[in-house]
Each structure stands twice: as structure tokens, then as C-alpha cells.
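**Q**
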Ligand code: PGA
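Numbering (my numbering), first residue to last: 2 to 254.
#1: From residue 66 to residue 190, what distance separates their C-alpha atoms?
#2: So which of 125, 108, 115, 175 has the shortest CA-CA distance to residue 156?
#3: What residue ranges within the region 27-107 form continuous alpha helix (DSSP H) runs of no fewer than 4 residues, ordered along the chain?
#4: Give every residue of the same chain whose Cβ lies closer than 6 Å to the Cβ of residue 169, excluding the five residues on either side of it in the sequence, and list them in chain order.
#5: According to DSSP, is residue 213 part of a helix, a strand, or is it coil?
#6: Does the region 6-19 come into contact with the region 45-58, if we say contact requires no fewer than three beta-carbon pairs (one atom in each stretch) closer than 8 Å?
#7: Grouping DSSP H, G and I as helix and E and B as strand, with all else coil, what is residue 247?
#8: Taking its Cβ as the centre, do 16 or more other Cβ atoms sit within 10 Å of residue 78, making it buried, or is it exposed?
#9: At a cut-off of 7 Å, would you count residue 176 as near ligand 1, judging by its Cβ distance to the nearest heavy atom?
#10: Among all the DSSP beta bridges, which residues are the ones paired with residue 7?
#11: Relative to ligand 1, is the shortest distance from any of its heavy atoms to the C-beta of residue 240 smaller than 7 Å?
#12: Could you tell me which whole alpha helix (DSSP H) segments of length 4 or greater appear in the region 134-212?
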């Protein structure tokens with residue numbers, strides 16, 4: 002069966018000391034209360050804290066991911082970070098296609114496809130984000146938007162490559178707003194995504210693909226969201242910045 006995953010997207014938050022404390026608190030609480038065996042826990046801190054995170058996480062049962070990657074392998078790209086750098090720091094996952102990157106950094110499907118390729122060529126598993134704007138949902142275009150996002154940036158992959166991808170459905174109107182998708186809305190879209198994957202890669206691969214929900218997911222709404230058949234966990238923003246709440250979400254399955 003597919004892996005259940007709870008991933009924390011810290012975005013651009015925390016000082017070094019606060020980040021250090023948060024990771025230690027998460028590990029202590031997981032030690033104390035026990036991490037469920039069937040859930041992979043991933044934290045995605047800002048780049049500058051990745052070394053600290055991978056050092057601390059090395060001895061633990063949590064995994065570390067980046068929040069972005071440049072599509073090139075090396076070279077004169079001031080301020081950027083490549084997949085080979087992430088790989089050399091034992092970073093196993095990387096968020097790609099987050100709506101904040103699509104919006105504020107003009108990342109489009111063609112670029113995201115290159116980023117996915119760069120990650121896979123360095124054995125880093127992409128956590129690929131997709132999701133519609135409020136206006137797109139209101140116009141009834143949400144399924145088309147998500148289908149196009151997946152087709153344009155992921156469906157060129159071979160079946161073996163695709164098995165490395167984790168998908169995160171994150172309706173843009175739910176991110177950071179306090180208004181989460183209802184469990185029914187999440188299930189409907191996750192089932193649609195799984196059907197698309199079935200059409201492209203077959204039932205077995207679709208059944209193995211973890212599809213996470215993201216957007217104002219918290220300790221209160223996670224149990225019902227995670228109880229949906231096709232919701233395999235969450236990509237958590239704000240609620241991943243507090244250890245107690247993050248642990249509660251991990252224990253929501
Ligand atoms: P949120 O963010 O949980 O703060 O809504 C989720 C995300 O952007 O990944």
C-alpha cells in the first residue's frame with residue numbers, strides 16, 4: 002500500500018535558533034509519544050537550515066526536504082540552489098510547484114517540468130503541488146486546471162520515475178486562509194487525480210502514489226481529511242511551525 006506522509010512546509014519562517022528548537026522539539030515529542038510506523042514525517046525548512054536539519058534528523062526517523070530547486074545543475078546562477086547540492090546534503094525530498102512560487106516567482110509548467118527532472122536525476126523525490134485559484138473553482142474549471150498542471154509537468158515521466166513523485170493537492174484559496182477544503186472537496190479532487198494517474202500509468206502505480214492535501218490543514222481538521230480514501234496525508238504550512246500541533250497532525254490517521 003502507499004505511504005502516508007505528513008510534510009511540514011516552513012516557508013520563510015524561523016531564525017536559526019528557533020528552527021533548531023523546533024526540530025529538537027518535534028523529535029523529542031515523537032520520541033516521547035512514538036511516531037506511528039506507517040507515517041513518513043518530512044520537514045522542509047529554508048535552505049540555510051538544511052544542514053542543521055539533516056544533521057539532527059540523521060539519527061532520527063524523520064526526513065528532510067527542500068522547498069525549491071533550480072533546474073540547472075551548476076553554474077552562474079547567483080542565489081540559486083541545485084539538485085546536486087541538495088543530494089550532496091542528503092536531502093531526500095523537495096517541494097516543487099508550490100502556488101507561492103508559481104505566483105511570486107512566475108514559475109510555469111515548463112519550468113516546473115525541468116525542476117522535476119533535475120530532482121529525479123539526483124534521486125530526490127519531488128513533492129509536486131497542484132491546485133486551482135478560487136475564481137477557477139467558482140467557474141467550475143478546477144478539474145481542468147489540475148489536470149493541465151499534472152499533464153504539463155509530470156506526465157512526461159517514465160512509470161519508474163513517476164513512482165518517486167509525491168503529489169500535494171493544494172487549492173490556492175485554502176492556503177494560509179484558515180478556510181480548508183472540506184473533506185468531500187478534497188476526496189473528490191484526490192480521486193480525480195488518482196483516476197488521471199490510472200489513465201496514464203495504470204492502476205498499480207496510481208494505487209502506490211501518495212496524494213497529500215494542503216491548505217489550512219491543522220490538528221482540528223486533519224482527522225477527517227486524512228480519513229478520506231484518497232487522502233494520504235498532508236502538506237502543512239502554518240500548523241507545522243508549532244511542534245505540538247504538528248505532532249497531533251501526524252497522529253491524525
Ligand atoms: P497552510 O500552507 O497550511 O499554512 O495553509 C500550506 C502550504 O502552503 O503548503
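From the three backbone atoms N, C-alpha and C, an ideal C-beta is built for every residue, glycine too. Model, not experiment: these values are computed from the prediction.
**A** If we stick to the structure as given:
#1: Spanning the two alpha carbons is a distance of roughly 25 Å.
#2: Among 125, 108, 115, 175, the Cα nearest to that of residue 156 belongs to 115.
#3: Those alpha helix (DSSP H) runs which fall completely within the region 27-107 and span 4+ residues are 51-59, 84-89, 100-105.
#4: Leaving aside the five residues that flank residue 169 on each side, the residues in its chain whose CB is nearer than 6 Å to its CB run, in chain order, 128, 130, 213, 215, 236.
#5: Residue 213 sits in a strand when the DSSP states are folded into three classes.
#6: The way I'd put it, the region 6-19 does touch the region 45-58; three or more beta-carbon pairs between them come closer than 8 Å.
#7: Residue 247: helix per DSSP, three-state reduction.
#8: Burial call: exposed.
#9: For ligand 1, at least one heavy atom lies less than 7 Å from the Cβ of residue 176.
#10: Answer is 42, 235.
#11: Distances taken from the Cβ of residue 240 to the heavy atoms of ligand 1 include one shorter than 7 Å.
#12: DSSP assignment within the region 134-212 yields the following whole alpha helix (DSSP H) runs of 4 residues or more, N-terminal first: 135-139, 143-154, 160-163, 184-202, 204-209.
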